[in-house]
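Chains as they are written, first to last, in numbering that gives the first Met the number 0: chain F, 0 to 264; chain V, 0 to 264. We put the beta carbon where it would ideally sit given N, CA and C, even for glycine. Input: a single structure, listed below in structure tokens.
2 protein chains.
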Amino acid sequence: MVEGSVSMNHPQVKVDPTFQEVESIVSDACSRGCFTVLVADCRVDYHGRSSSKMGWGERVVLLKPDGSVLIHRRTGFEAANWQPPGCCITFSQREGELVIRADRRKPRETLEVICREVALVSSVLLKDDASLDMLISEQDLYSVLRANPDLIEPGFRISSEQKGLGGGKADLTGLDRSGRYTVVEVKRVAADTDAVKQLYRYISQMRETSPDLRGILLAPNIRPAAKRLAKSLSVDYRTVDVAQCAAVFSKNSSKGLDRLDRHFT
Amino acid sequence: MVEGSVSMNHPQVKVDPTFQEVESIVSDACSRGCFTVLVADCRVDYHGRSSSKMGWGERVVLLKPDGSVLIHRRTGFEAANWQPPGCCITFSQREGELVIRADRRKPRETLEVICREVALVSSVLLKDDASLDMLISEQDLYSVLRANPDLIEPGFRISSEQKGLGGGKADLTGLDRSGRYTVVEVKRVAADTDAVKQLYRYISQMRETSPDLRGILLAPNIRPAAKRLAKSLSVDYRTVDVAQCAAVFSKNSSKGLDRLDRHFT
DNA sequence: GCCTAGGTCCCGTAC
DNA sequence: GTACGGGGCCTAGGC
């Protein structure tokens, strides 16, 4: 595709629209499943699980065809106000102001964007069928480890994955080189104290039936507080190179996972 | 202010811009602290704490002057890809594609938006000094409870708020009707097992100096698993009517909080 | 800097 | 439907 070719749907754009023009563009956009961007001087009221009020100011308002609404301010990652998908968006004018109202049913929540001026309205039908592929999720890590238990510990043999236990599930269980029954908690990110406690809870429960039980916390790294706790609870900690696993995973994901020894040894 | 008056900063808008025009508009926008909206046919690569790839599709890209980047798809509340504030945004062209790169230092993360076509670019200097006032936060709940400790339990006397402990802080401490020292954990939403564990951690720490110690979990409702855990740890659970507190709070916020007995009894 | 706790968290999944 | 755990969660506040 060459720059300048017009293959995308042309966005509908109006600078300094009247409220009538905004309403007409946006309701047309909604009915055609378009994505709408507004730049407006507005104030915002929210009532629901909490309540908020935001005074007059200029913001960017996104209206999505699935009923989600996002009000972004000049800075900050998070939307200042919002409504998740599924809510009902209506327009009205009162006292020279354009009111965009987004209602949610469960839980009952209302969002009102009161505009006294709209600087820009644009709507466009977005063509987008691509998938967002997250590489190396925790599940993916299990896959790699299942195919390569040596990455847990040399000689390790996995006996179950995601074994259900009372109040949660152990990530992996198996036998270490010496044949000792072992519970493995896998974390894709730095292990925190919660991870240690979680693993310890599994161990405690399972010790009722198997008193001689090891616990291994497997993570790319561990928080200091978690390390101390693990030590005091006699839970072992081992590192796993997630980047390496990710590389292996993507290399194998197309043709199914099998033993990866040849990649590392 | 009257509809049609032009008091907002005029947004700069270009439909079907060339990549040169995009770069020039956006770099100008960045230097002037403008908010930029792009509608583009793009693919996105992310590498950092995790990794992701998203194939070609049309999306709305927000570039904020604080260095945050948001890539929104046609549907869904959440941005498909993003970069939080503080990252460094650079542009380049390669092989007929416009590459927007956003780099973060800590943690090291990179985001690349590769555009093969831009349908719209718009930048605007947003004037916005308003504050976002959240009503009835957990802090506000404390205020109401401080003025009305009977809402915790009849006869309750608060002795401290946000008492710092080694790692974490107890929401409220005080004496119950019988003079027993008590730690109260306040939740604005349904109490989950984490809330119980949190409270129990405080209790355990404080029992080293005050062995006879009660714990109360105060929340509008409690999850079943949390209720079971609380019971097994001998942590009491009591409900608080957040809507009532909110009503009281807003009624009193203008003239300062005092005893609210007269509102309810 | 790390850690802890909160959020209108949102979101998927199991039950 | 509700409950529960995860997130590239993000963000604010302490130490």
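8 Å CB neighbourhood of G165/V in its chain, flanking five on each side removed: For the purposes of this step, residue 165/V is taken as residue 166 along the second sequence, with counting starting at 1. Contacts found: Q204.
Per-residue DSSP class, three states only, for N80/V: The residue labelled residue 80/V in the question sits at position 81 within the second sequence. Three-state result, N80/V: strand.
Cβ neighbour criterion (16 or more within 10 Å) applied to T181/F: Your numbering for residue 181/F matches position 182 in the first sequence. Classification for T181/F: buried.
Three-state class that DSSP yields for I202/F in the structure shown: Here residue 202/F refers to the residue found at position 203 when the first sequence is read from its first residue. Three-state DSSP puts I202/F in a helix.
For C87/F: DSSP bridge partner residues: Here residue 87/F corresponds to residue number 88 of the first sequence, with the count starting at 1. According to DSSP, which records beta bridges pairwise, C87/F is partnered with D102/F.
Residues that M133/F bridges to, as DSSP identifies them: As a working mapping, residue 133/F is identified with position 134 in the first sequence. In DSSP, M133/F forms a bridge with S51/V.
Segment limits, beta strand (DSSP E) that includes E116/F: Locating residue 116/F in the first sequence gives position 117, where the first residue counts as 1. E108 to V123 is the span of the beta strand (DSSP E), which, as asked, contains E116/F.
Closest Cα partner of A129/V within the set L97/F, I135/F, R100/F and W55/F: Locating residue 129/V in the second sequence gives position 130, counting from the first residue. Minimum Cα distance to A129/V is reached at W55/F.
Interface positions of the stretch 65-92 of chain V facing chain F (Cβ-Cβ less than 7 Å), listed along the chain: D65, S67, H71, R72, R73, T74, G75, F76, A79, W81, P83 and P84
Integer-rounded CB distance, given that S231/V should sit under 8 Å from L134/V: Stepping through the second sequence from its first residue, residue 134/V is reached at position 135. Stepping through the second sequence from its first residue, residue 231/V is reached at position 232. Incorrect: roughly 36 Å between the Cβ atoms, too far for contact.
C87/V classed as buried or exposed, judged by whether at least 16 other C-beta atoms fall within 10 angstroms: Here residue 87/V corresponds to residue number 88 of the second sequence, with the count starting at 1. Exposed is the call here.
Contact with chain F by D128/V, beta-carbon distance below 9 Å: Taking the first residue of the second sequence as 1, we reach residue 128/V at position 129. Closer than 9 Å: yes.
Residues near A225/V in its chain [Cβ-Cβ closer than 6 Å; skip 5 each side]: Taking the first residue of the second sequence as position 1, residue 225/V is located at position 226. Cβ neighbours of A225/V beyond the five flanking positions: A190, D191, T192 and V195.
Test item: CB-CB of E269/F and G154/F under 9 Å: Residue coverage of chain F in this structure runs from 0 to 264, which leaves residue 269/F outside it and unanswerable.
Alpha carbon of A246/V to alpha carbon of I202/V, nearest angstrom: Walking along the second sequence from the start, residue 246/V turns up at place 247. Walking along the second sequence from the start, residue 202/V turns up at place 203. Those two C-alpha atoms are separated by around 31 Å.
First through last residue of the alpha helix (DSSP H) which encompasses L350/F: Not covered by the structure: residue 350/F. The range shown for chain F is 0 to 264.
Of the listed residues V143/F, R227/F, T89/F and L174/F, nearest to T109/F (C-alpha basis): Within the first sequence, numbered from 1, the residue matching residue 109/F stands at position 110. The option with the nearest alpha carbon to T109/F is T89/F.
Where A189/V sits in the DSSP three-state scheme: Residue 189/V sits at position 190 when you count from the first residue of the second sequence. Note: A189/V maps to coil in three-state DSSP.
Close-in-space but distant-in-sequence residues of the same chain around D235/V (CB under 6 Å, 5 per side omitted): Within the second sequence, residue 235/V is the residue found at index 236, counting from 1. So the qualifying residues of the chain are I215.
Nearest to T74/F (by Cα), restricted to the options H71/V, R107/V, T35/V and Q92/V: By 1-based counting over the first sequence, the position of residue 74/F is 75. With distances taken between Cα atoms, T74/F lies closest to T35/V.
Nearest-angstrom Cα separation, counted from K63/F out to G32/F: The residue given as residue 32/F occupies position 33 in the first sequence. The residue given as residue 63/F occupies position 64 in the first sequence. For G32/F and K63/F, the distance between alpha carbons rounds to 8 Å.
C-beta contact flag for Y18/F and L69/V at 9 Å: Translated into positions along the first sequence, residue 18/F becomes position 19. Translated into positions along the second sequence, residue 69/V becomes position 70. Looking at the sequence itself, residue 18/F is Phe, so the reference to Tyr does not match. The answer is no: Cβ separation not under 9 Å.
Buried versus exposed call for L150/V [16 or more other C-beta atoms within 10 Å across all chains shown]: For the purposes of this step, residue 150/V is taken as the residue at position 151 of the second sequence. Answer is buried; the Cβ neighbour count reaches 16.
I157/V, enclosing beta strand (DSSP E) - first and last residue: Along the second sequence, read from residue 1 onward, the residue named residue 157/V stands at position 158. Run containing I157/V: R156 to G163, per the beta strand (DSSP E) assignment.
Buried/exposed call for P16/V, threshold 16 Cβ in 10 Å: Reading the second sequence from its first residue, position 17 is the one you call residue 16/V. Looking at its Cβ environment, which holds 16 or more other Cβ atoms inside 10 Å, P16/V is buried.
The stretch 20-32 of chain F touching the stretch 99-113 of chain V, judged by at least three CB pairs closer than 8 Å: no
Per-residue contacts from P10/V into chain F (C-beta, under 8 Å): For the purposes of this step, residue 10/V is taken as the residue at position 11 of the second sequence. Correct list: V14, V38, A118 and L119.
CB contact check: G47/F to chain V, cutoff 9 Å: Sequence index remark: in the first sequence, residue 47/F carries index 48 (1-based). Chain V, which has no Cβ nearer than 9 Å to the Cβ of G47/F, makes this no.
V267/F vs V60/F beta-carbon contact at 9 Å: Absent from the model: residue 267/F. The displayed extent of chain F is 0 to 264, so no value can be given.
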